[in-house]
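Residue 68 in the UniProt record's numbering sits at position 68 of the sequence shown; the count goes up by one each step and never skips.
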Amino acid sequence: MIRSSLLSRGEDPLRLLHHHLNVQMISPPPLNPTSLPATIDMKALSENNLPTHVIVLFPPRRPPVLIPIDADRYTHGFRAELVSPPSTRAAPYRSASNELRIALPLTSPLTIVPHPASLALLLLFGMGLETCQNDLAYRMLPASVVDEFPNAAAMAQVMSLSGDEEFDRRVQFNMGLWRNILGLGIKDTKIAELVRTAVGVTSEARKLRARG
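So this is what it looks like as structure tokens:
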């Protein structure tokens with residue numbers, strides 16, 4: 001399988017989401033979920049293809065996560081309402097130091113996100129910013145497992161031989177990604193089927209490990 005994108009080279013999905021939407025990643029400021037500021041200021045890397053919102057997630061026992069999103073792309077790719085498309089887009093401006101910046105509406109998602117850790121990866125594909133399904137497969141499963149595709153039994157057998165830490169991490173991530181797909185209602189059936197296959201492989205591998 002050909003792997004050539006930034007995602008295939010190990011780029012963090014959240015950082016890559018910022019890259020595609022032309023804003024610089026920032027550390028979350030102190031935020032209170034009950035009293036969010038109306039906007040958050042970010043450095044814009046271009047005057048075009050900018051996000052419409054920044055959503056903030058509050059994972060348990062972890063710092064807040066800021067995720068830029070294009071509401072139009074999201075609505076095109078998902079059924080559940082996460083943010084409302086704006087009547088007008090925020091426009092970038094020049095700061096006093098001549099830096100290109102944009103003040104984006106900051107909002108908590110309107111829909112509950114079951115698994116915050118996999119949301120950025122799902123948004124990359126659901127919003128059409130990444131399109132190579134091989135890259136998604138390699139994020140869910142070890143290369144040795146993907147290389148056995150389409151033999152699901154062989155994939156599960158190889159997966160069952162993973163070390164305990166990696167295996168548990170893959171199971172939790174894949175199940176979380178699948179819950180996000182069900183919760184947000186991705187419209188791309190090929191992506192949904194790919195994730196379903198990965199979940200099936202990890203579930204069967206777990207049974208093989210339980211049998212010893």
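Beta carbons are placed, not taken as given, at the ideal position from N, Cα and C, and that holds for glycine.
It should be emphasised that the depicted structure is a prediction, and the values quoted were computed from it without experimental measurement.
Own chain partners of residue 215 with C-beta closer than 6 Å, once the 5 adjacent residues on each side are dropped: The structure shown has nothing for residue 215, since the chain only spans 1 to 212.
Report the CB separation of P92 from A71 in whole angstroms; it is logged as a contact under 8 Å. Within the sequence shown, numbered from 1, the residue matching residue 92 stands at position 92. Within the sequence shown, numbered from 1, the residue matching residue 71 stands at position 71. The beta-carbon distance between P92 and A71, rounded to whole angstroms, is 17 Å. This is too long to meet the 8 Å contact definition.
For a minimum of 3 consecutive residues, which ranges assigned as the beta strand (DSSP E) are wholly contained in the stretch 93-125? Within the stretch 93-125, the complete beta strand (DSSP E) runs of at least 3 residues are 100-107.
Would S46 be called buried (16 or more neighbouring beta carbons within 10 Å of its own) or exposed? Position 46 of the sequence shown, counting from 1, holds the residue named residue 46. With fewer than 16 other beta carbons inside 10 angstroms of its own, S46 counts as exposed.
Looking at the structure shown, is L14 part of a helix, part of a strand, or coil, going by DSSP? By 1-based counting over the sequence shown, the position of residue 14 is 14. It is helical.
Straight-line CA distance for L82 to G212? What you label residue 82 is simply residue 82 of the sequence shown in a count that begins at 1. What you label residue 212 is simply residue 212 of the sequence shown in a count that begins at 1. If I take the Cα positions, the gap works out to 43 Å.
Cβ atoms of G183 and M127: under 8 Å apart, would you say? Taking the first residue of the sequence shown as 1, we reach residue 127 at position 127. Taking the first residue of the sequence shown as 1, we reach residue 183 at position 183. No; because the gap between Cβ atoms is not below 8 Å, this pair is not in contact.
Have a look at R89 and I102 and give me their C-alpha separation to the nearest angstrom. For the purposes of this step, residue 89 is taken as residue 89 along the sequence shown, with counting starting at 1. For the purposes of this step, residue 102 is taken as residue 102 along the sequence shown, with counting starting at 1. Here the alpha carbons of I102 and R89 stand approximately 10 Å from one another.
Grouping DSSP H, G and I as helix and E and B as strand, with all else coil, what is L184? Reading the sequence shown from its first residue, position 184 is the one you call residue 184. DSSP places L184 in helix when its eight states are reduced to three.
Whole angstroms are fine: how far does the CA of L7 sit from the CA of K187? For the purposes of this step, residue 187 is taken as the residue at position 187 of the sequence shown. For the purposes of this step, residue 7 is taken as the residue at position 7 of the sequence shown. K187 and L7 have their C-alpha atoms roughly 21 Å apart.
Is A205 closer than 8 Å to M159 when the C-beta atoms are compared? Numbered from 1 along the sequence shown, position 159 holds the residue referred to as residue 159. Numbered from 1 along the sequence shown, position 205 holds the residue referred to as residue 205. One thing to note: M159 has its Cβ within 8 Å of the Cβ of A205.
By DSSP, does T131 sit in helix, in strand, or in coil? To locate residue 131, count along the sequence shown from 1; it is residue 131. In the structure shown, the three-state DSSP call for T131 is coil.
Run the CB neighbour count on T34, radius 10 Å, all protein chains shown included, and call it buried at 16 or more, exposed below. Counting from one through the sequence shown, the residue named residue 34 turns up at place 34. Within 10 angstroms of the beta-carbon of T34 lie fewer than 16 other beta-carbons, which makes it exposed.
How close, in whole Å, do the beta carbons of M25 and L104 come, if the pair is a contact with beta carbons under 8 Å? Mapped onto the sequence shown, residue 25 falls at position 25. Mapped onto the sequence shown, residue 104 falls at position 104. No, M25 and L104 are not in contact; Cβ-Cβ is about 13 Å, not under 8 Å.
What is the DSSP secondary structure of V65, reduced to helix, strand or coil? Here residue 65 is taken as the residue at index 65 of the sequence shown, counted from 1. In the structure shown, V65 sits in a strand (DSSP, three-state: E or B).
Alpha-carbon spacing of R169 relative to A192, whole angstroms: The residue labelled residue 169 in the question sits at position 169 within the sequence shown. The residue labelled residue 192 in the question sits at position 192 within the sequence shown. Rounded to the nearest angstrom, the two C-alpha atoms are 20 Å apart.
Please go through the same chain and pick out, in chain order, the residues whose beta-carbon is closer than 7 Å to the beta-carbon of S144, but skip the five residues on each side of it. For the purposes of this step, residue 144 is taken as the residue at position 144 of the sequence shown. Excluding sequence neighbours, S144 sits near V158.
According to DSSP, is D70 part of a helix, a strand, or is it coil? Here residue 70 refers to the residue found at position 70 when the sequence shown is read from its first residue. DSSP places D70 outside both helix and strand once states are collapsed to three, so it counts as coil.
Residue span of the alpha helix (DSSP H) that contains T39, given as start and end: Taking the sequence shown and counting its residues from 1, the one referred to as residue 39 is at position 39. That residue, T39, is in no alpha helix (DSSP H); its beta strand (DSSP E) goes 39-43.
Which partner residues does H53 have in the DSSP bridge list? Taking the first residue of the sequence shown as position 1, residue 53 is located at position 53. Answer is I69, bridged to H53.
How would you label L194, buried or exposed, when you count the other beta carbons within 10 angstroms and need 16 or more for buried? As a first step, residue 194 must be located in the sequence shown, where it is residue number 194. Answer is buried; the Cβ neighbour count reaches 16.
Can you tell me whether DSSP reads V23 as helix, strand or coil? Taking the sequence shown and counting its residues from 1, the one referred to as residue 23 is at position 23. In this structure, V23 counts as strand in the three-state DSSP scheme.
I think P109 touches I55, with their Cβ atoms under 8 Å apart; what is that distance to the nearest whole Å? The residue you call residue 109 lines up with position 109 of the sequence shown. The residue you call residue 55 lines up with position 55 of the sequence shown. About 5 Å separates the two Cβ atoms, so the contact holds.
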